[in-house]
Amino acid sequence: MGSQPCPGEEVCQVIGPLSRYPDAPIEEVCGGCDKRDTKPGQQPRYIADAIAEAMALDEVKAVGGVFQYPDGLTLWQWACIRSLERARQKDSDRERVRQEANNKQAALESRMRSRMGG
Numbered sequence: 000m001g002s003q004p005c006p007g008e009e010v011c012q013v014i015g016p017l018s019r020y021p022d023a024p025i026e027e028v029c030g031g032c033d034k035r036d037t038k039p040g041q042q043p044r045y046i047a048d049a050i051a052e053a054m055a056l057d058e059v060k061a062v063g064g065v066f067q068y069p070d071g072l073t074l075w076q077w078a079c080i081r082s083l084e085r086a087r088q089k090d091s092d093r094e095r096v097r098q099e100a101n102n103k104q105a106a107l108e109s110r111m112r113s114r115m116g117g
């Protein structure tokens, strides 16, 4: 699973540590996992609060709301909304890289098929 976050119990039971210890209590296996802090629903309260605030502010933006800088929001609210924007950009960048790799692979396969007369 590398440096990826916890995929959640359902996926972990198929491909993660939970699949290797099917008879062990879930809490015991998850408790020893280095991804436990990223397990869905396991975020510290302050992180959950920041996520909720960012999502609420994002909903306001989605319907046309604007926030005057710097006094329109508190520093904490600015940090929340900026963190959400950074996370979305990071996801977008990952998706772009993944798509570029898929396109490159598809182009390579196409060239190979055309050279083989297929």
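With numbering that gives the first Met the number 0 as the guide, the letters of the sequence shown map in order to residues 0 to 117.
All C-beta atoms, glycine included, are put in the ideal place defined by N, C-alpha and C.
Note that this is a predicted model, so its numbers are computed, not measured.
Query	Result
I'd like the list of long-range same chain contacts for L17, defined as Cβ closer than 7 Å, with 5 residues on each side in sequence excluded.	E8, C11, I25 and V28
To which residues of the same chain is M0 closer than 8 Å at the C-beta, ignoring the five residues directly before and after it?	Because M0 sits at a pLDDT of 40, beneath the cut-off of 50, its placement in the model cannot be relied upon, and the following sentence gives the value as read from the coordinates. Answer for M0: P6, I14, G15 and K34, listed in chain order.
When DSSP labels each residue in this structure, what does M29 get in the three-state scheme?	One point to set straight first is that residue 29 is Cys, not Met, in the sequence displayed. It is helical.
For the ligand GTP, any of its heavy atoms closer than 8 Å to the Cβ of Q88?	What this structure holds is no ligand at all, so the ligand GTP is not there to describe.
If we ignore side chains and look at the alpha-carbon of each, how far apart do I50 and Q104 end up?	36 Å
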